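Protein chains: 2
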Amino acid sequence: MEAMKDIGALARIERVLAAALAAAEAPDGPPLLAAAMRHAVFPGGARIRPRLCLAVARACGAEPASEAWALAEAAAAAIELMHCASLVHDDLPCFDDAASRRGRPAVHRAFGEPLAVLAGDALIVLGFETLLRAAAAPARQVALMVILGRSVGAPFGIAAGQAWECETEIDLAHYQRAKTGALFAAATTAGAAAAGAAPEAWRALGERLGEAYQVADDLRDMVGSAEELGKPIGRDLALGRPSAALQLGIPGAVRRLQGLADAAMAAVPAGPGAADLRALIGQEAERLLPKELACRAA
Amino acid sequence: MEAMKDIGALARIERVLAAALAAAEAPDGPPLLAAAMRHAVFPGGARIRPRLCLAVARACGAEPASEAWALAEAAAAAIELMHCASLVHDDLPCFDDAASRRGRPAVHRAFGEPLAVLAGDALIVLGFETLLRAAAAPARQVALMVILGRSVGAPFGIAAGQAWECETEIDLAHYQRAKTGALFAAATTAGAAAAGAAPEAWRALGERLGEAYQVADDLRDMVGSAEELGKPIGRDLALGRPSAALQLGIPGAVRRLQGLADAAMAAVPAGPGAADLRALIGQEAERLLPKELACRAA
Chain Y
30 MEAMKDIGAL
40 ARIERVLAAA
50 LAAAEAPDGP
60 PLLAAAMRHA
70 VFPGGARIRP
80 RLCLAVARAC
90 GAEPASEAWA
100 LAEAAAAAIE
110 LMHCASLVHD
120 DLPCFDDAAS
130 RRGRPAVHRA
140 FGEPLAVLAG
150 DALIVLGFET
160 LLRAAAAPAR
170 QVALMVILGR
180 SVGAPFGIAA
190 GQAWECETEI
200 DLAHYQRAKT
210 GALFAAATTA
220 GAAAAGAAPE
230 AWRALGERLG
240 EAYQVADDLR
250 DMVGSAEELG
260 KPIGRDLALG
270 RPSAALQLGI
280 PGAVRRLQGL
290 ADAAMAAVPA
300 GPGAADLRAL
310 IGQEAERLLP
320 KELACRAA
Chain X
30 MEAMKDIGAL
40 ARIERVLAAA
50 LAAAEAPDGP
60 PLLAAAMRHA
70 VFPGGARIRP
80 RLCLAVARAC
90 GAEPASEAWA
100 LAEAAAAAIE
110 LMHCASLVHD
120 DLPCFDDAAS
130 RRGRPAVHRA
140 FGEPLAVLAG
150 DALIVLGFET
160 LLRAAAAPAR
170 QVALMVILGR
180 SVGAPFGIAA
190 GQAWECETEI
200 DLAHYQRAKT
210 GALFAAATTA
220 GAAAAGAAPE
230 AWRALGERLG
240 EAYQVADDLR
250 DMVGSAEELG
260 KPIGRDLALG
270 RPSAALQLGI
280 PGAVRRLQGL
290 ADAAMAAVPA
300 GPGAADLRAL
310 IGQEAERLLP
320 KELACRAA
């Protein structure tokens, strides 16, 4: 899976994101909003979701420089923009009240709360617009926008996932499926749909990977360091949020992460790219496990 | 312009909005988010933007029960959902900190700030999804989503308009065009596009009406009563926001409103529906002028 591990795929993702942000700016637009949106997107994190989207598109036969590939790139960027929007809103004082993100001040600290709300809003819109700007058959654009919308809004997208935290009775499975799984499932199904493959066959892979990343995030919140992560730690306990590490204990959560990685590998549909994609998942699972825990487990 | 004045059009808009909200709910979705979204949309205000969208679609020849009409209804609902989303976010403590809206507690007062942020986000997504669900040719759906996206995001949509309030130097023309004009222009151009007409010929009408509503809003903020408006008054002065009534004085703002109504009538493209549409604009202009001022002017 060249697309997920090589530098080329990452560079392409950054280029598509840069073009998307440029389209949201104009000399007679409000400059601070543009700056806040850039701050939310650059420099990025691991860009896991867009890399996954492109890896699946590649496994489904999309060739670089084809129309299918351009659409996959647009979908990958759109998904990352939605992810960045959710981080900006999640960091707001009324949610996590996080001072930092990716090692820099959170958007609401750097630009104030009003611009953080608006930058998140505008990034959501920009996600859809990025798909609309792709040179592709309208029917395929519409299919991808349906996938995108479902993964972000209500009742099953990331906004719904975050909203479960506001309920008095939280359904843990629905919470995690929506908060993390939805956008990972969008990445795999959109990658397949962009390449002209049947998207639903790729949903389970995205859902298992989403769960794995959530467990890894819970573990790092408990045993990672703020410097390493670029954001505060110990927030799940402080904010009373559901956490696999708190619920299962650290060894239990590590076992769960390993089980989910295995399940993700098993969920890769058969095909010429399957072996490469499974190998990649194995590498990612290693990367996800906090080093300290990996050493202890070894 | 039957579509804009009769009860039938309004009832249809409510029905399309109800269907849109129902699609954002599920038994296994988070119930408070669904309730907050409903609170933001029902009961509605005057539904000016969707009525304008349908009136233009009708003037461009869209026949009720046709595919073009269904698409116009979806566009009308999408535009109203975007408007409701912006009201929910504008009412947040970090912006207007408004306790009430449409005579009821604002969403952040009724459901808390986190759900108000998320309900706004989910309504933006639902706006796009409502267009995606319309039974129509994908190419026309894409064209309408381009119109919708431009009117909501950056650099020229309502999020950008609101963001001008965060700049140290505010460009008043750009501010008002984005904050109010953009969604009115979306209403007229989307109505035309849904009917298969050239949308740009209808932009000026939307922009002039948007300016007129903004001036009317500024006037009512200064001379209206909170009971009549269902929201706090005197906020422009208190929050240091640009206001035509503060800038031009009340008589000057009344003259400006009348001038804009005339300009809107002049901007109606020639065609079989033009006379009706002009008459309607005249009625709306009368309705917009606070009664007290109309009496003083008479």
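As given, the protein sequences belong to chains Y and X, one line each in that order.
First residue of the first sequence: 30, per the working numbering; consecutive thereafter.
First residue of the second sequence: 30, per the working numbering; consecutive thereafter.
Don't be surprised by glycine CBs; every beta carbon is placed ideally from N, CA and C.
The structure displayed is predicted, hence computed values, not measured ones.
Close beta carbons around residue i, own chain, < 7 Å, minus the five adjacent residues each side
i: alanine 204/Y; result: This sequence places tyrosine at residue 204/Y; alanine is not what is there. Answer for tyrosine 204/Y: Gly190, Trp193 and Pro271, listed in chain order.
i: lysine 34/X; result: Annotation note: pLDDT 49 at lysine 34/X (below 50); position unreliable, coordinate value reported separately. Closer than 7 Å at the Cβ level, and outside the excluded window around lysine 34/X, lie Leu309.
i: phenylalanine 185/Y; result: Arg179, Ala207 and Ala211
i: alanine 233/X; result: Ala296
i: leucine 160/X; result: Ala103, Ala104, Ala107, Gln170, Leu173, Met174 and Leu177
i: alanine 49/Y; result: Ala106, Leu110, Leu155 and Thr159
i: leucine 258/Y; result: Arg249
i: leucine 277/X; result: Arg285
i: leucine 46/X; result: Val70, Ala106 and Glu109
i: alanine 166/X; result: none
Helix, strand or coil at residue i [DSSP, three-state]
i: glutamate 31/X; result: Residue placement at glutamate 31/X is flagged as unreliable, the pLDDT there being 42, under the threshold of 50; a coordinate-derived value is accordingly withheld.
i: proline 143/Y; result: helix
i: arginine 76/X; result: coil
i: serine 129/X; result: strand
i: glycine 149/Y; result: helix
i: proline 301/Y; result: coil
i: proline 134/X; result: strand
i: arginine 41/X; result: helix
i: lysine 260/Y; result: coil
i: isoleucine 279/Y; result: helix
i: proline 228/X; result: helix
i: leucine 318/X; result: coil
i: isoleucine 108/Y; result: helix
i: alanine 164/Y; result: coil
i: cysteine 89/Y; result: coil
i: aspartate 291/X; result: helix
i: leucine 306/Y; result: helix
i: leucine 248/X; result: helix
i: glutamate 124/X; result: Contrary to the premise, residue 124/X reads as phenylalanine rather than glutamate in this sequence. Correct three-state label for phenylalanine 124/X: coil.
i: glutamate 54/Y; result: coil
i: proline 184/X; result: coil
i: serine 115/Y; result: helix
i: phenylalanine 71/X; result: coil
i: arginine 169/X; result: helix
i: arginine 270/X; result: coil
i: alanine 94/Y; result: coil
i: alanine 296/X; result: coil
i: proline 59/X; result: coil
i: glycine 311/X; result: helix
i: glycine 253/Y; result: coil
Neighbourhood of residue i by C-beta distance below 6 Å, restricted to the same chain and skipping five residues each side
i: glutamate 31/Y; result: Unreliable placement is indicated for glutamate 31/Y, whose pLDDT of 42 sits below 50; no coordinate value is reported for it.
i: leucine 81/X; result: Ala216
i: alanine 69/X; result: Cys113, Val117, Val136 and Ala148
i: alanine 219/Y; result: Cys82, Ala104, Leu173 and Ile176
i: glutamate 313/Y; result: none
i: valine 181/X; result: Met111 and Ile187
Same chain, Cβ closer than 8 Å to residue i, five either side skipped, listed in chain order
i: valine 283/Y; result: Leu248, Leu318, Leu322 and Ala326
i: aspartate 152/Y; result: According to the sequence displayed, residue 152/Y carries leucine and not aspartate. Around leucine 152/Y: Met66, Ala69, Val70, Leu110, Met111, Cys113, Ala114 and Val117.
i: phenylalanine 140/X; result: Leu61, Ala64, Ala65, His68 and Ala148
i: aspartate 200/X; result: Trp193
beta-carbon residue i near the ligand COA non-hydrogen atom, thresh 7 Å
i: arginine 169/Y; result: Looking for the ligand COA in the displayed structure turns up nothing, as the structure carries no ligands at all.
C-beta neighbour in chain C for residue i, strict 8 Å
i: glutamate 96/X; result: No chain C appears in this structure, whose protein chains are Y and X.
Using a Cβ-Cβ cut-off of less than 9 Å, give me the residues of the region 121-155 of chain X that come near chain Y, in sequence order. Leu121, Pro122, Cys123, Phe124, His137, Phe140, Gly141, Glu142, Pro143, Leu144, Ala145, Val146, Leu147, Ala148, Gly149, Asp150, Ala151, Leu152, Ile153, Val154 and Leu155
Count the CB pairs spanning the region 207-214 of chain Y and the region 226-244 of chain Y that are closer than 8 Å, and state whether there are at least three. yes
Are the region 90-102 of chain X and the region 214-224 of chain X touching, with three or more C-beta to C-beta distances below 8 Å? yes
Is it the case that the region 117-133 of chain Y contacts the region 272-291 of chain Y, given that we only count it when at least three CB pairs across the two stretches are under 8 Å? no
The region 75-90 of chain Y / the region 104-117 of chain Y touching (three or more Cβ pairs under 8 Å): yes
If we count Cβ pairs, one from each stretch, closer than 8 Å, do we get three or more for the region 55-73 of chain Y versus the region 86-97 of chain Y? no
Going along the region 181-195 of chain X in order, which residues come within less than 8 Å of chain Y, judged by CB to CB distance? Val181, Gly182, Ala183, Pro184, Phe185, Gly186, Ala188, Ala189, Gln191, Ala192, Trp193, Glu194 and Cys195
Against chain Y: residues of the region 280-313 of chain X by CB proximity under 9 Å: none
My parser needs the alpha helix (DSSP H) runs of 4 or more residues fully inside the region 191-224 of chain Y; what are they? 201-205 and 211-223
Residues, ordered as in the chain, of the region 156-176 of chain Y that lie near chain X by beta-carbon distance below 7 Å: Phe157, Glu158, Leu161, Pro167, Ala168, Gln170, Val171, Met174 and Val175
Which residues, taken in chain order from the region 220-240 of chain Y, show a beta carbon closer than 8 Å to some beta carbon of chain X? none
The region 102-119 of chain X: positions lying closer than 7 Å to chain Y by Cβ: His118
Along the region 40-57 of chain Y, what residues have a CB closer than 8 Å to any CB found in chain X? Ala53, Glu54, Ala55 and Asp57
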